[in-house]
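In the UniProt record's numbering, the protein residues as written are 1 to 363. Using N, Cα and C, we set each Cβ at its ideal position, and we do this for glycine too. Only a predicted model underlies this, so the values are computations on that prediction, with no experimental measurement involved.
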């Protein structure tokens, strides 16, 4: 595997638990479970049940349940009524008592054969293929110069949605992508008294972690609840919040429409502009930006008086699936609802429900 855990003499503890614990699936799902669980254990040798489920989510429920069960012995918290019970117990289909313990100190170092190092890890990246030319400058000035000289270049961050669309397109027209992902200034988190500045390069995972760390629980908990149902952990570790916003991802757009934070926008001439999310999105949920403009950061609230935030997300299944409903409501409540902003998406781009939140005011 790409993790280098393949061994012709014995199974890795993750592989053995899936195989002997009746958790194996097809030739796609099983390697995916192994890679996800192995990565989780390398990052956290004593994961919780929630972390295990988050790591392997995204498959069909009848695949996830047996896989989750077989990986449960890695859980650092044992159930006092079951695993640690001293009384008589019903016969189980499987016990893990004779399974080898996972010892993180004995894990192999990542195979040097698989490590690729750039001669200049901080330099620019230029890739050219049959259909796509990619520029990823490491300096903002170089980035802007490239945009000025390539008027039709498409600005991307992680490029997940753009790459997916391009891979399924039969159009052979040559396209140019200019990526922001190596611009370090766009990866910063600056914390102030009542708000924080979040760089446009932050991934969904980094965004949610920053909210968890710096925001009031009344804001952080509903956001964590929303993004716990966001695609897979692997996608969240790569996809950026700004990419989700600009491409119309309904969960990101619904959240930002409801909270209506301020965006810092820069153009190729170096001019900065500050605009609210509501001023950037038209009535169809599309972001209005000129070709020469790009978002560099967002001012996100850490705390807000009388704010009550509610989130709801429903899909056909948990994980990477087309969302049926995304809803975020930001209400300012004292004795009554003074102001409200409610954004809803039904399988499409998020829009504001103006009639609804006007009706709620004063209730």
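For residue 309, the enclosing beta strand (DSSP E) covers residues 307-315. Contact annotation: residue 295 and residue 242 have beta-carbon atoms nearer than 9 Å.
Sequence-distant partners of residue 166 (beyond 5 residues in either direction) whose C-beta falls short of 8 Å from its own C-beta, in its chain, are 131, 132, 175. With at least 16 other beta carbons inside 10 angstroms of its own, residue 251 counts as buried. As DSSP reads the structure, residue 177 sits in a beta bridge with 134, 154. Between the C-alpha atoms of residue 28 and residue 239 there is a straight-line separation of about 22 Å. Residue state for residue 219 is assigned as helix, using DSSP reduced to three classes.
The same chain holds no residue with a CB closer than 6 Å to that of residue 44 once the five nearest residues on each side in sequence are set aside. Nearest to residue 277 by C-alpha distance, out of 53, 355, 163, 260, is 260. Per DSSP, residue 244 lies in no beta strand (DSSP E); the unbroken alpha helix (DSSP H) holding it starts and ends at 241-247. Per the C-alpha coordinates, the member of 263, 41, 26 positioned closest to residue 14 is 41. Looking at the DSSP output, residue 199 sits in a beta bridge with 297. Each of 163, 279, 231 was checked against the Cα of residue 134, and the nearest Cα belongs to 163. Residue 202 and residue 293 have their C-alpha atoms roughly 18 Å apart. Going by beta carbons, residue 297 and residue 264 fall inside the 9 Å limit. Around the beta-carbon of residue 283, fewer than 16 other beta-carbon atoms lie within 10 Å, marking it exposed. Distances from the CA of residue 326 to each of 315, 33, 193 were compared; the closest alpha carbon is that of 315. Contact between residue 56 and residue 36 holds: CB atoms are separated by about 5 Å, below the 8 Å threshold.
Here residue 21 is buried, its C-beta having at least 16 other C-beta atoms within 10 Å. The Cβ atoms of residue 254 and residue 343 sit closer than 9 Å to each other. In the DSSP assignment, residue 351 forms a beta bridge with 344.
Looking at the backbone, the Cα of residue 5 and that of residue 49 are separated by about 23 Å. Residue 168 and residue 136 do not touch by the CB rule: their CB atoms are close to 23 Å apart, not below 8 Å. Rounded to the nearest angstrom, the gap between the Cα atoms of residue 26 and residue 47 is 25 Å. Cβ-Cβ separation between residue 248 and residue 204: approximately 15 Å, too far for a contact (criterion under 8 Å). Annotated as distal: residue 138 and residue 159, with beta-carbon spacing of 9 Å or more. Distance between residue 301 and residue 7, taken at the CA atoms: about 49 Å. If you check the CB distance, residue 309 and residue 287 do not come in under 9 Å. Proximity to residue 215 across 184, 195, 200 peaks at 195, based on C-alpha coordinates. According to the DSSP assignment, residue 140 belongs to the alpha helix (DSSP H) that extends over 140-149. Shown here, residue 43 sits in a helix according to DSSP, grouped into three states.
Burial state of residue 148 is exposed, judged by a 10 Å Cβ sphere holding fewer than 16 other Cβ atoms. For residue 190, the closest alpha carbon among the candidates 304, 199, 340 is that of 199.
Across the set 129, 220, 140, 305, the C-alpha of 129 shows the shortest separation from the C-alpha of residue 173.
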